[in-house]
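Shown next, in structure tokens, is the structure this report addresses.
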Amino acid sequence: MRNFMKKIFIGISIFTLIISNVVYASENITVKGSDTIVILGQRWAEHYMEKNPDVSIQVTGGGSGTGIAALINGTTDIANSSRAIKTSEVDKAKQAGYYPEEFKVALDSLAVVVNKANPINELTLKQLMGIYTGRVNNWSELGGENKPILRYCRESNSGTYVFFKEHVLKNQDYAADCQTMPGTSAVNNAVSKDAGGVGYGGAAYFLNEKNIKIISVKKDEKSEAVNPVKPDGKLDYEAAWTHRYPIARYLYMYTGFKPKGKTKAYIDWILSPDGQKVVEEVGYIPLQGSV
Amino acid sequence: MANKNLMSVDNSFEIAQLLTKKEPRRSEWAIEKILSFAGIFSILIIALIFVFLFKEAVLFFKTASPLDLIGKWQYDEYEGKTVFKIMWQAVSEVPKYSLIPLMLGSFLVAIPGTIIASFFGIGSAIYLSEIAPVRIRETLKPTLELLAGIPSVVVGFFMLAVAATLIQNIFHTKFRLNAFVGAIGVSLCTFPIIVTLVEDALRAVPKELRDASYALGATKWQTIFGAVIPAAVSGISAAILLGFGRALGETMIVVMATGNAAVVTGNIFSSVRTMTANIAAELGSVDHGSEHYYALFLVGAVLFTLTFFINLISEIILNRMRQKLRM
Numbered sequence: 012m013r014n015f016m017k018k019i020f021i022g023i024s025i026f027t028l029i030i031s032n033v034v035y036a037s038e039n040i041t042v043k044g045s046d047t048i049v050i051l052g053q054r055w056a057e058h059y060m061e062k063n064p065d066v067s068i069q070v071t072g073g074g075s076g077t078g079i080a081a082l083i084n085g086t087t088d089i090a091n092s093s094r095a096i097k098t099s100e101v102d103k104a105k106q107a108g109y110y111p112e113e114f115k116v117a118l119d120s121l122a123v124v125v126n127k128a129n130p131i132n133e134l135t136l137k138q139l140m141g142i143y144t145g146r147v148n149n150w151s152e153l154g155g156e157n158k159p160i161l162r163y164c165r166e167s168n169s170g171t172y173v174f175f176k177e178h179v180l181k182n183q184d185y186a187a188d189c190q191t192m193p194g195t196s197a198v199n200n201a202v203s204k205d206a207g208g209v210g211y212g213g214a215a216y217f218l219n220e221k222n223i224k225i226i227s228v229k230k231d232e233k234s235e236a237v238n239p240v241k242p243d244g245k246l247d248y249e250a251a252w253t254h255r256y257p258i259a260r261y262l263y264m265y266t267g268f269k270p271k272g273k274t275k276a277y278i279d280w281i282l283s284p285d286g287q288k289v290v291e292e293v294g295y296i297p298l299q300g301s302v
Numbered sequence: 003m004a005n006k007n008l009m010s011v012d013n014s015f016e017i018a019q020l021l022t023k024k025e026p027r028r029s030e031w032a033i034e035k036i037l038s039f040a041g042i043f044s045i046l047i048i049a050l051i052f053v054f055l056f057k058e059a060v061l062f063f064k065t066a067s068p069l070d071l072i073g074k075w076q077y078d079e080y081e082g083k084t085v086f087k088i089m090w091q092a093v094s095e096v097p098k099y100s101l102i103p104l105m106l107g108s109f110l111v112a113i114p115g116t117i118i119a120s121f122f123g124i125g126s127a128i129y130l131s132e133i134a135p136v137r138i139r140e141t142l143k144p145t146l147e148l149l150a151g152i153p154s155v156v157v158g159f160f161m162l163a164v165a166a167t168l169i170q171n172i173f174h175t176k177f178r179l180n181a182f183v184g185a186i187g188v189s190l191c192t193f194p195i196i197v198t199l200v201e202d203a204l205r206a207v208p209k210e211l212r213d214a215s216y217a218l219g220a221t222k223w224q225t226i227f228g229a230v231i232p233a234a235v236s237g238i239s240a241a242i243l244l245g246f247g248r249a250l251g252e253t254m255i256v257v258m259a260t261g262n263a264a265v266v267t268g269n270i271f272s273s274v275r276t277m278t279a280n281i282a283a284e285l286g287s288v289d290h291g292s293e294h295y296y297a298l299f300l301v302g303a304v305l306f307t308l309t310f311f312i313n314l315i316s317e318i319i320l321n322r323m324r325q326k327l328r329m
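Heads up: the sequence lines are chains L and R, in that order. Here the first sequence is numbered in this note's numbering, starting from 12 and rising by one per residue. Here the second sequence is numbered in this note's numbering, starting from 3 and rising by one per residue.
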């Protein structure tokens, strides 16, 4: 009988241990969204969990739209986004009972890339618009070789797709023959193989690519051509901060409510010099004044 | 002796008793019901998918008009006039949900894919069933069937990474990833289906027919093309249709190998966006209940209806053939 009681006692203590473990593990933070930020997000999570072993953070990609949709559906604590939230999404969130809070967590210069063999070195925003809306179809129209232009863009769930559409295409439609690629690395791969290819994506992705050239972008005919990368091969922070480079963007994190507890501590750390140091390591541009 | 006889009588009585026992019948009844439930269940699932798909798809017309499925009039600032835009551009100021580029894309991949697969599929089926010696058939057939076991993502990856560049170098196409690359990938998937079904159809042709042909002095080739294939033609066409249905529904290969540009084109070397690839690429990110969400369900419903009728027709053809050959 005594033995039996002992067994029950041990059983109960194991059970409570498991239960407490479940409760303990449920204090984790889920982060979902932009594929542009997914590597940065994972690096942040790793660094943060090293310092705070009691927090567990899960970071997944899927696209900015996916992340914000998950925030509205209540399946993630933080949504990563490479574009600002749309008013329609804020409305939808409010209907679902959420009040999204925005945090600018880093900057990213969007690079326009062509094949290394392409002699084009700079383009105006207007020329880029012409290329991507399908009005300019041959590189010779822009002073290049007589080669058809092959446009590569991203899937419509990508924040990069939306940002480029708003800031370069001025909200016009992409040309129908834009080949949509599932990620920046796929764009990189395609442009490095196609001599007539053109693509866009976060500048950091293209820094060490041998078959790819990052071209300079001019706001208009008269303004200077600015390259998102300095001649020494490093990202030009100054150009992004001052918006001298016309297609630099903020990267955002959104929470469903004003963050508190563990989520707040995590976001505060990201905005601190410690967190911003990770931004630099990964290849994005830290917020002005943090370095 | 008499005792023994009595024993056997006793035994036979026991057997009769066993046969009339109630319990085994009851379990038989249960098994019968379970099996019939399993059969009906699949019909139930199909019906449920049908209802769910169409229920969601119909909601598209709550906010959009049927004309939107063809194109949309929009003012083009650059051209300075209103143009009829036939395009799929769901994330846009004025979203456009034309099914035409997607359907063209699907057919531009599925039709050439089926033609390629049929050409090789029927050829190998004839070889397997009529010409090949038993030993070769015994190794060749399982090998062909192994092809069906290759995950389509692997085929897609192969097309994307290796075959696409090779094809571009041969045909000097503008797009590296195009409908033709997708069609070849898809044909690899439909090929085993067509081989198996065509071989079944050829083998179902009665031996008497072949013997009669030989008796009339026909050669082997004359027998194959004059007697066996005409007898199996309905089975062959059913096999091609089933392969076509499979090709239309193929997703992973076309996502990876066709470039996914929703172009309105009849050029097989152009990049295309198929219905399946479009759903796969966009459904993951769309908000539930938006117009875009219902539009994707509508695409799914159209695809489902198409493949459903293709499969139905081929089933009918196959049934007819079976009845004809039984006579």
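Virtual Cβ for every residue (Gly too), placed ideally from N, Cα, C.
Hey, is residue i's beta-carbon within less than 9 Å of any beta-carbon in chain L?
i	result
S67/R	no
H174/R	no
M277/R	no
S154/R	no
R205/R	no
K64/R	no
T167/R	yes
G40/R	According to the sequence shown, residue 40/R is Ala rather than Gly. So, not an interface residue.
A92/R	yes
Nearest-angstrom Cα distance between residue i and residue j?
i	j	result
N11/L	A163/R	The structure shown has nothing for residue 11/L, since chain L only spans 12 to 302.
F175/L	N280/R	21 Å
G187/R	S99/L	40 Å
D243/L	L218/L	11 Å
V173/L	R165/L	9 Å
H178/L	Q69/L	32 Å
T276/R	G272/L	46 Å
G194/L	K269/L	31 Å
S273/R	F173/R	14 Å
Q299/L	H254/L	12 Å
A220/R	S239/R	25 Å
N321/R	R212/R	22 Å
G115/R	V66/L	52 Å
K35/R	I312/R	31 Å
S301/L	K233/L	33 Å
L262/L	G78/L	13 Å
L148/R	T198/R	12 Å
K224/L	N171/R	23 Å
K181/L	A81/L	28 Å
S151/L	A259/R	29 Å
T191/L	C191/R	24 Å
Do we get a CB-CB distance below 9 Å when we pair residue i with the residues of chain R?
i	result
M192/L	yes
Y265/L	no
T171/L	no
G85/L	no
D285/L	no
L139/L	no
S227/L	no
Y185/L	yes
With 16 other CB atoms within 10 Å as the buried threshold, where does residue i fall?
i	result
T141/R	exposed
H2/R	Past the boundaries of the shown model lies residue 2/R; chain R is included only from 3 to 329, so the question cannot be answered.
Y163/L	buried
G154/L	exposed
S75/L	buried
T225/R	buried
D5/L	Missing from the structure shown is residue 5/L; chain L here goes from 12 to 302 and no further.
G247/R	buried
I278/L	buried
Using the beta-carbon of each residue, which ones in chain B are nearer than 7 Å to residue i?
i	result
Y80/R	The chain inventory of the structure shown lacks chain B, comprising the protein chains L and R.
Who does residue i pair with in a DSSP beta bridge?
i	result
Y211/L	V123/L
L161/L	G208/L
A259/L	S120/L
W75/R	F86/R
G247/R	Per DSSP, none; premise fails for G247/R.
M264/L	N91/L, F114/L
I195/R	None; I195/R has no bridge partner.
With three or more C-beta pairs closer than 8 Å as the rule, is the stretch 87-106 of chain R touching the stretch 247-258 of chain R? no
Quick one: any contact between the stretch 224-241 of chain R and the stretch 143-152 of chain R, if contact means 3 or more CB pairs under 8 Å? no
Taking 8 Å as the cut-off, does the stretch 292-301 of chain L touch the stretch 83-102 of chain L (at least 3 CB pairs, one atom from each stretch)? no
Are the stretch 259-273 of chain R and the stretch 120-130 of chain R touching by the rule of at least three beta carbon pairs closer than 8 Å? no
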